[in-house]
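Student:
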Amino acid sequence: MPAKRSVHIREYLLKNMNLVIRCLILSDVIWIGALGLLGPIFALFIVDFIEGGNAAVAGAAASIFLVTKSVLQIPAAAIIDRVCGEDDDFQFIFFGSLAGAIIPILYLFIHTPLQLYAVQFLYGVALAFTFPSYMAIFTRHIDKTREGTEWGIYFTLVDFSSAIAASLGGIFATTIGYKSLIVVVVTVSLLGVFFLYPIRTKLFRCKNLAA
Numbered sequence: 004m005p006a007k008r009s010v011h012i013r014e015y016l017l018k019n020m021n022l023v024i025r026c027l028i029l030s031d032v033i034w035i036g037a038l039g040l041l042g043p044i045f046a047l048f049i050v051d052f053i054e055g056g057n058a059a060v061a062g063a064a065a066s067i068f069l070v071t072k073s074v075l076q077i078p079a080a081a082i083i084d085r086v087c088g089e090d091d092d093f094q095f096i097f098f099g100s101l102a103g104a105i106i107p108i109l110y111l112f113i114h115t116p117l118q119l120y121a122v123q124f125l126y127g128v129a130l131a132f133t134f135p136s137y138m139a140i141f142t143r144h145i146d147k148t149r150e151g152t153e154w155g156i157y158f159t160l161v162d163f164s165s166a167i168a169a170s171l172g173g174i175f176a177t178t179i180g181y182k183s184l185i186v187v188v189v190t191v192s193l194l195g196v197f198f199l200y201p202i203r204t205k206l207f208r209c210k211n212l213a214a
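Anchor point for the sequence shown: position 130 equals 133 in my numbering, and the numbering is continuous, going up by one each time.
1. For residue 6 and residue 132, I'd like the C-alpha separation in whole angstroms.
2. Using a Cβ-Cβ cut-off of 7 Å (strictly less than) and excluding sequence neighbours within five positions of residue 80, which residues of its own chain qualify?
3. Please name the residue, chosen from 206, 89, 110, that lies closest to residue 51 on a Cα-to-Cα basis.
4. For residue 96 versus residue 140, is the C-beta spacing smaller than 8 Å?
5. Let me know if residue 4 comes out buried or exposed under the rule of 16 or more other beta-carbons within 10 Å of its beta-carbon.
6. Reducing DSSP to helix, strand and coil, say where residue 6 ends up.
7. First and last residue of the alpha helix (DSSP H) that includes residue 32?
8. Quick check on the burial criterion: 16 or more other C-beta atoms within 10 angstroms. Buried or exposed for residue 208?
9. On the CB-based measure, 16 or more other CB atoms within 10 Å of its CB, does residue 85 come out buried or exposed?
10. Which first and last residues belong to the alpha helix (DSSP H) in which residue 146 is found?
11. Could you check where the alpha helix (DSSP H) with residue 93 kicks off and where it finishes?
12. For the candidate residues 145, 76, 89, whose alpha-carbon lies nearest to that of residue 22?
13. Taking the beta carbon of residue 172 as the centre, do at least 16 other beta carbons fall within 10 Å, making it buried, or is it exposed?
14. Within a Cβ cutoff of 6 Å, which residues of the same chain sit near residue 49, ignoring the five residues on either side of it in sequence?
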């Protein structure tokens, strides 16, 4: 008779999983959560701080980011898959996440829609290389027979952190201002990025993947 399976509180505390999956989840919970602080009020920031900023500019900025990320993601994934071993995956995920964490600081120095669009383009490039490498490492290291559980935990915790951040972002923007909020976003995002560092010793080498 098959053993009963249930989700214990330890799952949400990331206890029953290997180091790589635990660090990847923690990194995204913090990093994506930090970005969530800015998300709900980003359009208001554009209206207040970008010359001629309005809903159309905000929409164009979002589109430039998404189109850039979408167009470059498949070529980025092909490059990642072409190189045997996970060293290249880690380089892409670490430095891509690092760039993605730092790029929002540029919002403090821009004043025109064209400058905003340039930043959004850079942001899209950084995340285009980050997302496939993250998924590749997560997929290879996920604990056997727990694929659904660990993906479920990932999306649950990331969604929770984004929901909390969305509420706090508006409060922080009102109390400390947009510019201070951006500094907070960058600082917390960098903390999330450095949770990736411990996985570098657990990466699969080419001979492991070929076996």
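No residue lacks a Cβ here, since even glycine has one placed at the ideal position from N, Cα and C.
Bear in mind that the values here come from a model prediction, so they are computed numbers and not experimental data.
Tutor: Considering the structure as presented:
1. With a pLDDT of only 49 at residue 6, under 50, the local geometry of the prediction cannot be trusted, and no value is derived from it.
2. For residue 80, where only same-chain residues beyond five positions count, the Cβ hits under 7 Å are 135.
3. The option with the nearest alpha carbon to residue 51 is 110.
4. One thing to note: residue 96 has its Cβ within 8 Å of the Cβ of residue 140.
5. A caution first: residue 4 carries a pLDDT of 44, below 50, which makes its placement in the model too unreliable to give a value.
6. Below a pLDDT of 50, predicted positions are generally treated as unreliable, and residue 6, at 49, falls in that range; no measurement from the model is reported.
7. Here the alpha helix (DSSP H) through residue 32 covers 22 to 41.
8. Here residue 208 is exposed: its Cβ has fewer than 16 other Cβ atoms, across all protein chains shown, within 10 Å.
9. The residue is exposed, with fewer than 16 neighbouring Cβ atoms inside 10 Å.
10. Where residue 146 is concerned, there is no enclosing alpha helix (DSSP H), given that its DSSP letter is neither H nor E.
11. In this chain, the alpha helix (DSSP H) harbouring residue 93 covers 90 to 105.
12. Closest by alpha carbon: 145.
13. Residue burial is scored here from C-beta neighbours: residue 172 has at least 16 other C-beta atoms within 10 angstroms and is therefore classed as buried.
14. If we look at residue 49 and ignore the five residues flanking it on each side, its Cβ neighbours are 56, 60, 61.
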